[in-house]
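Here's the structure we're looking at; comments come further down.
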Amino acid sequence: MIPAAFEYHRPTDMAGVLAVLAEHGDEARVLAGGHSLIPMMKLRMADVPHLIDLQDVDGLSGITVEGGRVRIGAMTTQSDIIGHAALAEAAPIMREASLQIADPQVRYMGTVGGNVANGDPGNDMPGLMQCLDATFLLVGPDGEREVQARGFYEAAYMTDRADDEVLVAVAFDAPSGGYAYEKQKRKIGDYATAAAAVLLGKDGDTCTSASIAMTNLSDTPVWSEAAGAALVGTSVDAAAVDAAVAAMLGDIDPTQDNRGPIEFKRHAAAVILRRAIARAWDRA
Amino acid sequence: MAKKMHIQMTVNGEAQEFLAEPRELLIHTLRERLNITGPHIGCETSHCGACTVTLNGKSVKSCTMFVAQANGAEVTTIEGLGSPDKLHVLQEAFKEHHGLQCGFCTPGMITRASKLLEEIPNPTEEEVRFGMAGNLCRCTGYQNIVKSILAAAAEMNAAKEAAE
Numbered sequence: 003m004i005p006a007a008f009e010y011h012r013p014t015d016m017a018g019v020l021a022v023l024a025e026h027g028d029e030a031r032v033l034a035g036g037h038s039l040i041p042m043m044k045l046r047m048a049d050v051p052h053l054i055d056l057q058d059v060d061g062l063s064g065i066t067v068e069g070g071r072v073r074i075g076a077m078t079t080q081s082d083i084i085g086h087a088a089l090a091e092a093a094p095i096m097r098e099a100s101l102q103i104a105d106p107q108v109r110y111m112g113t114v115g116g117n118v119a120n121g122d123p124g125n126d127m128p129g130l131m132q133c134l135d136a137t138f139l140l141v142g143p144d145g146e147r148e149v150q151a152r153g154f155y156e157a158a159y160m161t162d163r164a165d166d167e168v169l170v171a172v173a174f175d176a177p178s179g180g181y182a183y184e185k186q187k188r189k190i191g192d193y194a195t196a197a198a199a200v201l202l203g204k205d206g207d208t209c210t211s212a213s214i215a216m217t218n219l220s221d222t223p224v225w226s227e228a229a230g231a232a233l234v235g236t237s238v239d240a241a242a243v244d245a246a247v248a249a250m251l252g253d254i255d256p257t258q259d260n261r262g263p264i265e266f267k268r269h270a271a272a273v274i275l276r277r278a279i280a281r282a283w284d285r286a
Numbered sequence: 571m572a573k574k575m576h577i578q579m580t581v582n583g584e585a586q587e588f589l590a591e592p593r594e595l596l597i598h599t600l601r602e603r604l605n606i607t608g609p610h611i612g613c614e615t616s617h618c619g620a621c622t623v624t625l626n627g628k629s630v631k632s633c634t635m636f637v638a639q640a641n642g643a644e645v646t647t648i649e650g651l652g653s654p655d656k657l658h659v660l661q662e663a664f665k666e667h668h669g670l671q672c673g674f675c676t677p678g679m680i681t682r683a684s685k686l687l688e689e690i691p692n693p694t695e696e697e698v699r700f701g702m703a704g705n706l707c708r709c710t711g712y713q714n715i716v717k718s719i720l721a722a723a724a725e726m727n728a729a730k731e732a733a734e
């Protein structure tokens, strides 16, 4: 499997990246870990005449946790996330989710930036970022701008990012309370049949806040505001969980593919969300 | 004809320098250009791990990396771990514990395992299975692969203790 020929660029700063993007427009694409883009190029489903490798661009990787705010550079790998003690302390859901992405070799290469910017409905980070109410930092010819994760995804592979912009970091407030990232997949390395990211706040026996996002059950990640609202103010009893699951099922729109028919995916989504809520509540 | 670029990399301790199209995949560079045929092409779709090499200290699937990305990198393949005269502890353990049948996945398995044991010198069986999840074997059912890696870990730890 040989991809079409391309010109390779390896700039050492963002100015260099933006210059290539400005010159070549939608004929140019940035490459992070490459484990989504390279397979697409090998299958000739993506044609990239100008490939801009970000590996030498300064300041794009690294994790900071300061004053309850977490910032993760776009070139930070899943493996970096798994090994970062301060992040595991501040936002353990990041580690829990990253451990469920692909396999060890892919996690050494796969990056947060690539995972969130590519817009693949199968990627785990977009739903997780919506659950965390994260902000994405984009850099383009007119400077920097911030976009909320919950408003970033438009359709499969279509996001709010313009062709001449680069996603350089994600940031979010360290969550409190209970958390769970639950994922059903056919085998190691497969995308989710259904996955759920859940964050729950608890005061006494009462749920004080809830954020629920689902992965690979629509052409974008689905942050289900109604599912969260169904839990807030309750003791997360069976009736509340039923209501949350029903609300989530009203928000997703899965399609049939080789992971199963629509009915099966809706069934799997419900099972996964129930497990995630139970685990998050137990930890809250 | 696409423009060729000047590539330099160190493979198994030896400096290599050549001209290549940036789209060339690292596995093809290793096998066809440098005649380093330990890393195998199994699926060529990032699933099977037969092409695993160590690149700048990371286990990577060399079918999912352009040679251009590896420009300047340090690469280790199975050939850099042991030789027929002096097998690596892992190679010895795979031989001893029947960690292979047809042997096709073995170079990738051992290359990955060498990195895993560097990161976790004394792994549990669960850690071995989780850490080896990117390598597929269609013969053994994995049981003896896990056994071999655990045996190699014990051997390496014993050698380390004896040296101290």
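If you're matching them up, the sequences are chains A and B in order. Residue numbers for the first sequence follow this note's numbering, so the first one is 3 and each next one is one higher. Residue numbers for the second sequence follow this note's numbering, so the first one is 571 and each next one is one higher. Just so you know, even glycine gets a beta-carbon here, dropped at the ideal spot from N, CA and C. Since the model is a prediction, treat every value here as computed from it, not as a measurement.
Requested in this report: Ignoring anything shorter than 4 residues or poking outside the segment 104-155 of chain A, list the alpha helix (DSSP H) runs there in chain order.
Outcome: 106-111, 114-119 and 127-133
Requested in this report: Compare the beta carbon distance of B/T615 and A/P41 with 8 Å and say whether it is the shorter of the two.
Outcome: yes
Query raised in the report: Does A/V19 get closer than 8 Å to chain B when you measure Cβ to Cβ?
Result: no
**Report entry** Cα-Cα separation between B/N714 and B/K730, rounded to whole angstroms
**Finding:** 24 Å
**Report entry** Contact list for B/G619 against chain A, beta-carbon separation under 8 Å
**Finding:** D105 and Q107
Query - Under 7 Å by beta carbon: chain B residues contacting A/Y110 - result: K628, S629 and V630
Query raised in the report: If we ignore side chains and look at the alpha-carbon of each, how far apart do A/L251 and A/F174 end up?
Result: 27 Å
Query raised in the report: Going straight from the alpha carbon of B/G701 to that of A/E25, what length do you get?
Result: 43 Å
Query raised in the report: In chain B, what lies closer than 8 Å to A/D55 by C-beta?
Result: A638 and Q639
Query raised in the report: Is A/S211 helix, strand or coil when you go by DSSP?
Result: strand
Query raised in the report: Using the C-alpha atoms, what's the distance from A/Y181 back to A/L130?
Result: 11 Å
**Report entry** Neighbouring residues, chain B, relative to A/P41 (Cβ below 9 Å)
**Finding:** T615, S616 and T634
Query raised in the report: Does any C-beta atom of chain B lie closer than 8 Å to the C-beta of A/H37?
Result: yes
Requested in this report: Would you be able to state if there are at least three C-beta pairs under 8 Å between the segment 658-671 of chain B and the segment 714-726 of chain B?
Outcome: yes
Query raised in the report: For the alpha helix (DSSP H) that contains B/A733, what are its first and last residues?
Result: Q713 to A733
Query raised in the report: Tell me which same chain residues have a C-beta within less than 7 Å of the C-beta of A/G116, skipping the five on either side of it?
Result: A34, G35 and S38
Requested in this report: Rounded to whole angstroms, what's the CA-CA distance from A/A270 to A/A90? Just pull it up for me.
Outcome: 28 Å
Query raised in the report: Where does B/P693 land, buried or exposed, given buried means 16+ other C-beta within 10 angstroms?
Result: buried
Query - 8 Å contact criterion, which A/T236 and A/E156 should meet: CB distance rounded - result: Not really, about 33 Å apart at Cβ, beyond 8 Å.
**Report entry** Inter-residue Cα distance where the pair is A/A240 and A/V247
**Finding:** 11 Å
Query - Of the listed residues A/G75, A/A7, A/A199 and A/G203, nearest to A/A272 (C-alpha basis) - result: A/A199
Query raised in the report: What residues in the segment 265-285 of chain A bring their beta carbon closer than 7 Å to a beta carbon of chain B?
Result: none
Requested in this report: Can you have a look at B/C672 and say buried or exposed, based on whether 16 or more other CB atoms are within 10 angstroms of its CB?
Outcome: exposed
Query raised in the report: Hey, would you say A/L169 sits closer than 8 Å to A/L202, going by beta carbons?
Result: no
Report task. Pick out whichever of B/A640, B/A620 and B/K573 has its Cα sitting closest to the Cα of B/E591. Result -> B/K573
Report task. Please confirm if the segment 253-260 of chain A is in contact with the segment 272-285 of chain A, defined as three or more CB-CB distances below 8 Å between the two stretches. Result -> no
Query - Cut-off 6 Å between Cβ atoms - residues of its own chain near A/G124, not counting five sequence neighbours on either side - result: Y193 and N218
**Report entry** Where the segment 580-604 of chain B meets chain A: residues whose CB sits under 9 Å from a CB there
**Finding:** E591, P592, R593, E594, L595 and H598
Requested in this report: Pull up the CB-CB distance for A/A176 and A/V67, whole angstroms please, since I reckon it's below 8 Å.
Outcome: 7 Å
Query raised in the report: Which bits of chain A does B/G701 rub up against, with CB to CB less than 8 Å?
Result: P106
**Report entry** The alpha helix (DSSP H) enclosing A/I264, as first and last residue numbers
**Finding:** I264 to R285
Requested in this report: Provide the residue(s) that pair with A/Y181 in DSSP beta bridges, ordered along the chain.
Outcome: A/L201
Query raised in the report: Does any C-beta atom of chain B lie closer than 8 Å to the C-beta of A/A99?
Result: no
Requested in this report: Counting only the same chain and skipping the five closest in sequence on each side, list residues whose C-beta sits under 6 Å from that of A/D55.
Outcome: R12 and L33
Requested in this report: Show which residues of chain A have a CB atom less than 8 Å away from the CB atom of B/K573.
Outcome: E9
Query raised in the report: In chain B, what lies closer than 7 Å to A/P5 by C-beta?
Result: R593
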